[in-house]
Amino acid sequence: MAALFAVLGSIESSALSTWLRESPSLLAFPLMLSVHAIGMGLAAGINAAVALRVLGVAPAVPLDGMQPFLRVMWAGFWMNAASGIALLIAYPTKALTNPDFYLKLTLIALALASVRALDRRVFRTSAAREAALEPVVRRLAIASLTCWAGAIIAGRLLAYTYTQLLASWR
Amino acid sequence: MTLVTLQAWLVRTFARGTVAAAFMRTHWGWPAAESVHFIGLSLLFGTIVVWDLRLLGVGKRIPLAALHVLLRWTGIGFALSAGSGVMFLMTEPTEYIYNPSFHFKMVCLAIAGVNALAFYATGYGRAVTHGAPEVAPRNAKLFAVISLLAWLGVIVFGRLLTFYRPAWCDEKPTTVVARCVPSRSQQ
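Protein sequence lines correspond, in order, to chains C and H.
Using my numbering, the final residue of the first sequence is 170, and nothing's skipped along the way.
Using my numbering, the final residue of the second sequence is 357, and nothing's skipped along the way.
Right, here's the structure in full:
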């Protein structure tokens, strides 16, 4: 445990971490938070749009026509992976000592796995037809929606459930 | 009525939501409303991005009329975010009404709203939903760009709220819009 906090403490005292956390510049913490919110909207939101289509909303939309939007969804995810790492560098102890953080990562991984499976089965096959869709496809759509909603809630709760803010404050 | 007196009136009006405020002050009240706000944001923004990008030419194989049905979920997302947003206002009205970032957020929201109304009022909405063309009218792309920028502004200024928390005013506000919290005698 002491070794872990030594590592967390050394991340926190790095120039990058200090700048991200303490700089009054809007390009530091505020920009990272903003990018994280936009990426969330793109990743979870476009996931919702394609999952709703699979579940029967807007049935006249051709299933394989949604493919280009999945690329935008993944762009949102990568925006969040990058901004998320920056936020983690700013407050490594706050996140990594909170079980809720691991719950959030797990839910995101499950959501992404669901949407990838959905992509392979539905959006990449030009012959994909409504009637021929396996029941598992609906379940994958519901799983991706549920996991993203859970990930967003777990993410919000990070601000309320942490027990240690900085390793140097122990 | 000046904007500063409008602000004071808004604070008094939102402060009447005492039941909502009591819920928000329970242990999980505020984070629950935040979660709803962010889930609503995702639904709203994700579906509007799909629509606006389609107007701009992404995913051209999708008939516009077919995709338009999805916008119902944009409305559901908006209702979730607006509903939870009003809860925040009822609980801490001065934190928002005097926050410059909130002012910019509301301006962006108004632009998004007027832009959406204009899209339908000018006939583009009708052309898209009833004529069902494969290619959006050229000018429809302008609506799409304005919509995307306005919603990005709503998200960014929403996220920046906490960095512009208003302090108490030292003296009676002389600006058009107050960016500090006036005491009762200063209003």
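No residue lacks a Cβ here, since even glycine has one placed at the ideal position from N, Cα and C.
Bear in mind that the values here come from a model prediction, so they are computed numbers and not experimental data.
Check                                                                                                                                                          : Outcome
Do we get a CB-CB distance below 8 Å when we pair Ala149/C with the residues of chain H?                                                                       : yes
Check the DSSP bridge columns for Val136/C and list the partner residues they point to.                                                                        : Paired residue(s): none; Val136/C is not in a bridge.
Give a yes or no on whether the minimum CB-CB distance between Ala236/H and chain C is below 8 Å.                                                              : yes
As a quick exercise: from Ala44/C, Arg139/C and Gly56/C, pick the residue whose alpha carbon is nearest that of Met79/C.                                       : Ala44/C
Grab me the residues of Cys278/H's own chain with a C-beta within less than 7 Å of its C-beta, minus the 5 sequence neighbours each way, in chain order.       : Ala320, Gly323, Val324 and Phe327
So Leu287/H packs on Val219/H, CB below 8 Å; how close in whole Å?                                                                                             : At roughly 19 Å, the Cβ-Cβ gap does not stay under 8 Å, so Leu287/H and Val219/H are not in contact.
Trp338/H by DSSP, collapsed to three states: which one?                                                                                                        : strand
Give the secondary structure of Val351/H by DSSP, where H, G and I count as helix, E and B as strand, and everything else as coil.                             : strand
Does DSSP classify Glu12/C as helix, strand or coil?                                                                                                           : helix
Residues of chain C with CB closer than 7 Å to the CB of Arg354/H, please, in chain order.                                                                     : Near Arg354/H there are no residues of chain C at all, since even the closest Cβ is about 32 Å away, more than 7 Å.
Ser271/H and Ala203/H: beta carbons closer than 8 Å?                                                                                                           : no
DSSP three-state label for Val256/H, please.                                                                                                                   : helix
Between Val136/C and chain H, is there a C-beta pair that is closer than 8 Å?                                                                                  : no
Span of the alpha helix (DSSP H) holding Val50/C?                                                                                                              : Phe29 to Val54
Under 8 Å, Cβ to Cβ, is there at least one residue of chain C near Arg195/H?                                                                                   : no
Would Pro99/C be called buried (16 or more neighbouring beta carbons within 10 Å of its own) or exposed?                                                       : exposed
For Ser205/H, return the contacting residues in chain C, with the cut-off set at a CB-CB distance below 8 Å.                                                   : Ile152, Ile153, Arg156 and Leu157
Of the choices Lys275/H, Ala314/H, Met260/H and His207/H, whose alpha-carbon is the least far from that of Trp294/H?                                           : A small fix is needed here, since residue 294/H is Tyr in this sequence, not Trp. The shortest Cα separation from Tyr294/H among Lys275/H, Ala314/H, Met260/H and His207/H belongs to Ala314/H.
Take the Cβ of His197/H as the centre, count every other Cβ of all protein chains shown within 10 Å, and call the residue buried at 16 or more, exposed below. : exposed
Taking the alpha carbon of Ile209/H as the point to measure from, which residue in Gln164/C, Leu96/C, Cys147/C and Ala167/C has its own alpha carbon closest?  : Cys147/C
CB-CB under 8 Å to Cys339/H, same chain, minus the five flanking residues each way: which ones, in chain order?                                                : Ala348, Cys350, Val351, Pro352, Ser353 and Gln356
Within the chosen definition, does the region 69 to 88 of chain C reach the region 29 to 47 of chain C through at least 3 CB pairs nearer than 8 Å?            : yes
Please list, in chain order, the chain H residues whose beta carbon lies closer than 9 Å to that of Val57/C.                                                   : Val239, Leu240, Arg242 and Trp243
Quick one: which chain A residues come within Cβ less than 7 Å of Tyr160/C?                                                                                    : Absence of chain A from the displayed structure is noted, the protein chains being C and H.
Hey, which unbroken runs of the alpha helix (DSSP H) at 4 residues or more fall wholly within the region 65 to 101 of chain C?                                 : 67 to 90 and 92 to 96
Measure from the alpha carbon of Ala236/H to the alpha carbon of each residue in Val298/H, Leu173/H and Thr188/H, then state which is nearest.                 : Val298/H
Would Pro99/C pass as an interface residue toward chain H - the criterion being a Cβ-Cβ separation below 8 Å?                                                  : no
Please confirm whether Pro62/C has its beta-carbon closer than 8 Å to some beta-carbon of chain H.                                                             : yes
Please list the terminal residues of the continuous alpha helix (DSSP H) segment that includes Gly323/H.                                                       : Ala310 to Leu330
What does a CB cutoff of less than 6 Å around Leu105/C pick up in its chain, not counting 5 residues either side in sequence?                                  : none
Return the CA-CA distance between Arg124/C and Ile85/C, expressed in angstroms with no decimal places.                                                         : 31 Å
Let me know the secondary structure DSSP gives Pro62/C once reduced to three states.                                                                           : coil
Would the beta-carbon of Leu110/C fall within 8 Å of that of Ala143/C?                                                                                         : yes
Would you mind working out which of Ile246/H, Thr183/H, Arg224/H and Thr188/H sits nearest Leu211/H, comparing C-alpha positions?                              : Ile246/H
In chain C, which residues lie less than 9 Å from Phe258/H when you measure between Cβ atoms?                                                                  : Neighbours of Phe258/H on chain C: none; closest Cβ ~13 Å, over 9 Å.
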